[in-house]
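Q: Heads up: the protein sequence lines correspond to chains D and R, in order. The first sequence stops at residue 243 when you use the working numbering, and every number in between is there. The second sequence stops at residue 398 when you use the working numbering, and every number in between is there.
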Amino acid sequence: MDGYFLGLDKLDENIKGIRAGSNIMLLGPPMSGKETIINNIVYNGLKEGEAAVIVTTREPGENVLQWFEYNNLEIPLEHIGIVDCVTKTLGVPTGDTVNIKRASSPVDLTGIGVKISQFLEEFWMKKNLRKTRLCINSLSTMLMYSNIQTVFRFLHVFTGRVKAAGAIGVYLVEEGMHDDQAIATLKQLFDGVIEVKQENDEHFIRVVGMGLKPSPWYNYTIDGADLILIGGD
Amino acid sequence: MVETGIPRLDKFLGDGIPAGKSMVYFNHPGVEGDVFGMQTLYHNLSKDISCVYITSSSNPGLMKDYFTEFGWSIRKFEDKLTIIDAYSSLVGDLSDEKYIVSDPENIENMNEIIIQVMKDVPKKSVIMVGSLSTIMDLCGEEKTLEAIKLWNKMTLMYDHVIIYNFTAWPYSKSTIHAIKDKIFNSVITVGGIAERVIFGQYFGVLKADWADHKAQSMLFRVLRPGGIKIYIPKILVTGPFDAGKSTFVHSLSTRAISVDRLGTTIALDHGHIDHKGFSADIFGTPGQERFDPIIKMISGEALGIFLVVDSTAPKDFVRAKQMLEITKGYGLPYVIIANKQDIPGAMSVDDIRSQFNIPEDVPIIPVIATESKGVFEAFELLVEKITGGA
Ligand SMILES: Nc1nc2c(ncn2[C@@H]2O[C@H](COP(=O)(O)OP(=O)(O)OP(=O)(O)O)[C@@H](O)[C@H]2O)c(=O)[nH]1
Ligand SMILES: [Mg+2]
């Protein structure tokens, strides 16, 4: 089996898995729990023995690990690589760790790219892990520092690497922060979109582009680290 | 000549970069190409040459910290180093530098500061553009290409040397063409060997209009500390039973293991060596004839061979030649190790050469493996042969 499952039960049943090499945008409004969704996707892969490379542009690498710890989720550290684009810009003198490589800033796409490649190599060559999830959290921050063409070129390269490695990529985008043109440009690079919306204090999620037609909207709630899908069918 | 400080590269370029010339490290995304520019900068600073560094993707403090990851404390050379800060304004930070680009998205502003600095620093300085791709991303491809031509012209006027780090993102075809073929005197490609992932890195001279360079690629690794080292993935050590192959591998290696039983090798020896800008993995074969199938298996894809002989056992030399054949050693660069020179009655190098008709171009090195005597000379020689330096 070389496909992937998000680990979000009803959604997975509906789309019947994700092909290796797929790149997916995770698009939704602020405060809708996208963070929890992406962490769930990471955790579900790790649980299956896969590897994860997480690019964090919003919080230090340590905080990413702490989320799992805080929620009592045991994760195999040797399967995790974090590219931290934050800590160095805070002026805190911290070096790399086994799990965390630090880029000098979100502008430093060259450095971010090198570190992603190094983790992919390490997992494939040294650790013989054949399945990896690459998560970038978030493209929106990158777009605050670099223009759309620049980010597009960067993604053009790395969505290609995800494909070559038979990994999957999940890229978080804040809805409402970018114009439609920018979103449309980025969408060209992705095989599908996980869409999140909010209506009257209720949250919904669906997947578009991974099957013949979009999945239904599933109502969801967040309980601690858990994402609970209700309804939809 | 300004040296790059990258092992082998200066030789390929005909001893370095002449004054007035421009060079770009053309780096494929995901490979550690930016370390090339950094190593070149540090190499020149440590030779007391005035240098300029234009930082576009990190603030000057972080940039200096990044150098220290490789063991290069450039803060020692502060009086020789002029920094142009083209980053801080971009993220709204204040800067302590004397030269600040206040609007890094405006190429005119870049031009103004860079040209000012080129005038202010002593002639024959080394100008390093830390991230040309970032400038291009901020100012646009066309405008940046025009600016590069101007900077290269000023470099010629003031007898400087200008070096750029460039990450080859998928820019327009015409931009890539201009960079690879047109606007620089020299282009060094730094690339990755990719299958499913990038698992090896190489560099090579694509262009150098002043030198009669060879189109040859070198594998490299980046060590922290240490920087760029030429990497040779496989050197074979072979030779008759008991000649001292395992001892030789261990005396050369920074770390090594052997699969031996009762003092004889039954599978292989493996060692890793880091020495003078070179990094290599060496594999020793067993010597006994019953292991010949294993020897064949181990020998594939070797880039060079040490043929170890016991200088006190000339009767084994026929076997030695046979082993060279088994390993397909003919055709590959090889060096003969005349081992056990400490034992009375050991044949001299000259005697070995004449008695066994060894061609003049095959080096024979006198070695005492148990005392590590001659082993590094032998390594340097073989590496020279493998990397085309000799
Ligand atoms: N005096 C002297 N003895 C040496 C020297 N090099 C190796 N020896 C000795 O020679 C013996 C054989 O050395 P090894 O390194 O095991 O030889 P080998 O070629 O790996 O042997 P096989 O794997 O069995 O073919 C050991 O007792 C070593 O200590 C040397 O330079 N001088
Ligand atoms: Mg042995």
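Glycine included, every Cβ here is placed at the ideal spot set by N, Cα and C.
Rounded to the nearest angstrom, how far is the Cβ of A377 of chain R from that of G252 of chain R, given a contact under 8 Å?
A: 5 Å
Q: On the premise that V245 of chain R lies in contact with V257 of chain R, defined as a C-beta separation below 8 Å, what is that separation, rounded to the nearest angstrom?
A: 5 Å
Q: Where does the unbroken beta strand (DSSP E) through C59 of chain R begin, and where does it stop?
A: 59-63
Q: Pick helix, strand or coil for F200 of chain D, following the three-state DSSP scheme.
A: coil
Q: Is G353 of chain R close to ligand 1? I mean its beta-carbon at under 7 Å from any heavy atom of the ligand.
A: Incorrect: G353 of chain R has no Cβ contact closer than 7 Å to ligand 1.
Q: Within 8 Å of any Cβ in chain B, is that where the Cβ of Y74 of chain R sits?
A: Looking for chain B here will not work: the only protein chains present are D and R.
Q: I'd like to check one pair, R143 of chain D with T62 of chain D: are the Cβ atoms closer than 8 Å?
A: In the sequence as presented, Thr is not what sits at residue 62 of chain D; that position holds Ala. Contact flag set, yes.
Q: Along the chain, which unbroken stretches of the beta strand (DSSP E) at least 3 residues long are found entirely within the region 306-373 of chain R?
A: Secondary structure within the region 306-373 of chain R: the beta strand (DSSP E) runs of 3 or more consecutive residues, fully enclosed, are 312-318, 342-347 (chain order).
Q: Compare the C-alpha of L196 of chain D against each of D:Y228, D:F162, D:H89 and name the closest.
A: D:F162
Q: Check each candidate in R:P367, R:S97, R:Y172, R:S362 and name the one with the smallest Cα separation from M46 of chain R.
A: R:Y172
Q: Beta-carbon within less than 6 Å of F15 of chain D's beta-carbon, same chain only, minus the 5 sequence neighbours each way: which residues are those?
A: D22, G27
Q: Closest to V169 of chain R by CA distance: which of R:P68, R:E392, R:V10, R:G271 is it?
A: R:V10
Q: Measure the C-alpha to C-alpha separation of N24 of chain D and S225 of chain D and round it to an integer number of angstroms.
A: 6 Å
Q: Any idea what DSSP makes of E205 of chain D, helix, strand or coil?
A: strand
Q: Would you mind listing the alpha helix (DSSP H) stretches within the region 135-197 of chain D that are 4+ residues and don't spill past its ends, in chain order?
A: Complete alpha helix (DSSP H) runs here, min 4: 149-155, 158-174, 190-197.
Q: Tell me the rounded alpha-carbon separation between D211 of chain D and M35 of chain D.
A: Cα to Cα, the separation comes out at about 23 Å.
Q: Can you say whether V383 of chain R is buried or exposed, counting buried as having 16 or more other CB atoms within 10 angstroms of its CB?
A: Burial of V383 of chain R is indicated by the presence of at least 16 other C-beta atoms within 10 angstroms of its C-beta.
Q: Mind pulling the chain R residues with CB within less than 8 Å of E131 of chain D?
A: V205, I206, F207
Q: Using only the alpha-carbon positions, how far apart do D217 of chain R and N193 of chain R sit?
A: 6 Å
Q: Mapping DSSP to helix, strand and coil, what is P86 of chain D?
A: coil
Q: To the nearest angstrom, how far is it from the Cα of M71 of chain R to the Cα of G79 of chain R?
A: 13 Å
Q: When you compare each of D:R216, D:D190, D:L182, D:L75 to N147 of chain D by their alpha carbons, which one comes out closest?
A: D:L182
Q: Can you have a look at N365 of chain R and say buried or exposed, based on whether 16 or more other CB atoms are within 10 angstroms of its CB?
A: In this structure N365 of chain R is exposed. Its beta-carbon is surrounded by fewer than 16 other beta-carbon atoms within 10 angstroms.
Q: Excluding sequence positions up to five away, which residues of its chain have a Cβ less than 6 Å from the Cβ of T97 of chain D?
A: Around T97 of chain D: P70, T104, R112.
Q: Residues around ligand 2, please: the ones whose beta-carbon is closer than 7 Å to some heavy atom of it, in chain order.
A: R:K253, R:S254, R:S266, R:D268, R:T272, R:T273, R:D277, R:G292, R:P294, R:G295
Q: Can the beta-carbon of P341 of chain R be found less than 8 Å from the beta-carbon of D289 of chain R?
A: no
Q: Given a cut-off of 8 Å, decide if T293 of chain R and L315 of chain R are closer than it, judged by their beta-carbon atoms.
A: No, the pair does not count as a contact, with Cβ atoms beyond the cut-off.
Q: Following a CB-centred definition, is A251 of chain R positioned closer than 7 Å to any heavy atom of ligand 1?
A: Flag set: Cβ of A251 of chain R near ligand 1.
Q: For a contact defined as C-beta to C-beta under 9 Å, what are the partners of D104 of chain R on chain D?
A: Under the 9 Å cutoff, chain D gives no residues; its nearest Cβ is about 13 Å from D104 of chain R.
Q: By DSSP, does Y80 of chain D sit in helix, in strand, or in coil?
A: helix
Q: With S254 of chain R as the anchor, note down where its alpha helix (DSSP H) starts and where it stops.
A: 253-260
Q: Would you call the CB atoms of I281 of chain R and T262 of chain R closer than 8 Å?
A: yes
Q: Would you say K88 of chain R and S58 of chain R are within 8 Å of each other, going by their C-beta atoms?
A: Yes, these two residues count as a Cβ contact at 8 Å.
Q: Nearest chain R C-beta to G55 of chain D closer than 8 Å, yes or no?
A: no
Q: In three-state terms, what does DSSP make of K131 of chain R?
A: coil
Q: With 8 Å set as the bound, which would you pick, yes or no: does the beta-carbon of G235 of chain R sit closer than that to a beta-carbon of chain D?
A: No - not a single Cβ of chain D is within 8 Å of the one on G235 of chain R.
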